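Colleague: Residue numbers (our numbering): 46 to 327.
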Amino acid sequence: MHPAIRKDAVAVITGAAVGIGYAIAERMAREEMKLVLSDKNIPALTEAIRRLRAKFPGLAIHPVIGDVTSETVQAQLHQTAVSTGEVGILINNAAILSGAGPWEKMTQWRSLMEVNFWALLMLQEKFIPTMSQQPCHSAIVNLGSKEGITTPPGNAAYSVSKAAVRILTEQLSHELREKVADKISAHLLIPGYTFTPMNFPGTTFDSVKPDAPWRADQVAERMVAGMNAGDFYIFCEDNEVSRELDQRRMQWSADDLIHNRPALSRWHPDWKQQFAEFIKGA
Ligand SMILES: NC(=O)c1ccc[n+]([C@@H]2O[C@H](COP(=O)([O-])OP(=O)(O)OC[C@H]3O[C@@H](n4cnc5c(N)ncnc54)[C@H](O)[C@@H]3O)[C@@H](O)[C@H]2O)c1
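1. If you draw a straight line from the alpha carbon of residue 122 to that of residue 113, how long is it in whole angstroms?
2. Taking 9 Å as the CB-CB cut-off, is residue 281 touching chain D?
3. Could you pull the start and end residues of the beta strand (DSSP E) that residue 231 belongs to?
4. Reducing DSSP to helix, strand and coil, say where residue 66 ends up.
5. Within 10 angstroms of the Cβ of residue 183, are there 16 or more other Cβ atoms? Answer buried if so, exposed if not.
6. What's the gap between the Cα of residue 49 and the Cα of residue 203?
7. Using 8 Å as the cut-off, classify the Cβ of residue 279 as near or not near the heavy atoms of ligand 1, replying yes or no.
8. If I follow the unbroken beta strand (DSSP E) through residue 79, where does it start and stop?
9. Can you determine whether any heavy atom of ligand 1 sits closer than 8 Å to the C-beta of residue 254, and answer yes or no?
10. Mind checking residue 198: buried by the 16 CB within 10 Å criterion, or exposed?
11. Let me confirm a value: residue 171 is counted as buried when at least 16 other C-beta atoms fall within 10 Å, else exposed. Which label applies?
12. Say yes only if the C-beta of residue 302 is nearer than 8 Å to one or more non-hydrogen atoms of ligand 1, and no if none qualify.
13. Extract the residue ranges of the beta strand (DSSP E) inside the stretch 97 to 121, only unbroken runs of 3 or more that lie entirely within it.
14. If you count every other CB in all the chains shown that lies within 10 Å of the CB of residue 289, and 16 or more means buried, which is it?
15. Taking DSSP's pairing of strands, which residues face residue 278 in a bridge?
16. How long is the line joining the alpha carbons of residue 118 and residue 250, rounded to whole angstroms?
17. In its own chain, which residues sit with a C-beta less than 6 Å from the C-beta of residue 47, not counting the 5 before and 5 after it?
18. I'd like to check one pair, residue 52 with residue 76: are the Cβ atoms closer than 9 Å?
19. Determine the burial state of residue 169: buried for a count of at least 16 other Cβ atoms within 10 Å of its Cβ, exposed for fewer.
20. Regarding residue 83 and ligand 1, is the C-beta to nearest heavy atom distance less than 8 Å?
21. So if DSSP puts residue 284 in a beta bridge, which residue, or which two residues, is it bridged to?
Quick look at the structure:
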């Protein structure tokens with residue numbers, strides 16, 4: 046097991062009430078980590094904690110209720126984690142998906158960037174000094190998205206936020222390697238299409254999953270496997286998009302710059318045929 050994931054160390058997870066955050070909480074509970082779980086959705090977090098307590102009796106679970114963009118909540122999260130024990134892992138998972146195009150809905154842009162980017166950066170600022178002073182290994186996992194890599198049109202604010210998280214986490218990984226060697230590792234978890242309330246509003250723990258998406262617990266399992274393998278980019282496929290197809294899509298996106306094609310040529314009518322041929326065989 047990756048050294049940051051260990052019995053009695055603290056796992057801090059934002060947006061832990063449902064979806065991928067909850068699945069990671071369960072996976073960390075299986076490793077007997079102490080949990081500090083944050084979410085703004087009080088009924089959902091209460092239900093999540095009830096489920097975890099039923100499945101893992103005696104496990105230490107500390108809720109921090111509130112909006113992760115609030116500096117008070119960020120401070121509470123940090124304080125609760127530090128007073129619970131040695132911090133093993135911080136999972137920056139909370140995010141929102143709200144449509145906002147390149148020249149509209151500035152209020153939505155700001156609130157999305159506050160959750161998806163700024164809160165994550167603020168928590169890094171709080172937790173890295175703590176982690177640096179601990180004798181043991183620790184890790185930060187930031188939630189990216191394929192939308193932050195191939196940046197499909199239609200949801201500019203979300204894509205920008207996830208591209209920012211990717212670059213920030215790459216920079217973080219490099220700086221940590223230079224400054225603290227392998228004491229703190231950084232990882233970018235990149236889920237595929239996953240069956241969560243983000244994609245399926247109203248979904249509960251008992252809802253029936255359609256075929257295409259992965260279950261959230263598959264993402265959590267892939268996170269652990271990726272960390273164990275020492276991966277920085279922890280990629281998830283889903284039941285419709287293979288690893289090979291993802292690789293071709295990423296290659297095409299990178300080639301837009303290299304071959305001086307139009308922006309987002311994958312979705313440009315003049316390039317449709319060439320893209321389809323490039324993808325064939327993936
Ligand atoms: N579901 C997917 O297919 C998918 C794909 C790629 C990336 N991701 C990323 O994975 C992460 C988890 O996604 P999910 O699908 O489980 O999301 P979700 O919407 O199902 O759950 C997110 C949780 O975060 C909480 N949250 C949102 N904003 C918050 C805030 N301001 N303060 C506190 N809590 C807040 C919500 O209450 C919710 O409990 C996100 O970062 C998302 O961008 C998801």
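Glycine included, each C-beta is placed from N, C-alpha and C at the ideal position. Note that the coordinates shown come from a computational prediction; the quantities given were computed from them, not determined experimentally.
Modeller: A quick look at the data gives this:
1. 9 Å
2. Absent from the structure is chain D; it holds one protein chain and no more.
3. 229 to 235
4. helix
5. buried
6. 29 Å
7. no
8. 79 to 84
9. no
10. exposed
11. buried
12. no
13. 106 to 110
14. exposed
15. 233
16. 26 Å
17. 272 and 273
18. yes
19. buried
20. yes
21. Paired residue(s): none; residue 284 is not in a bridge.
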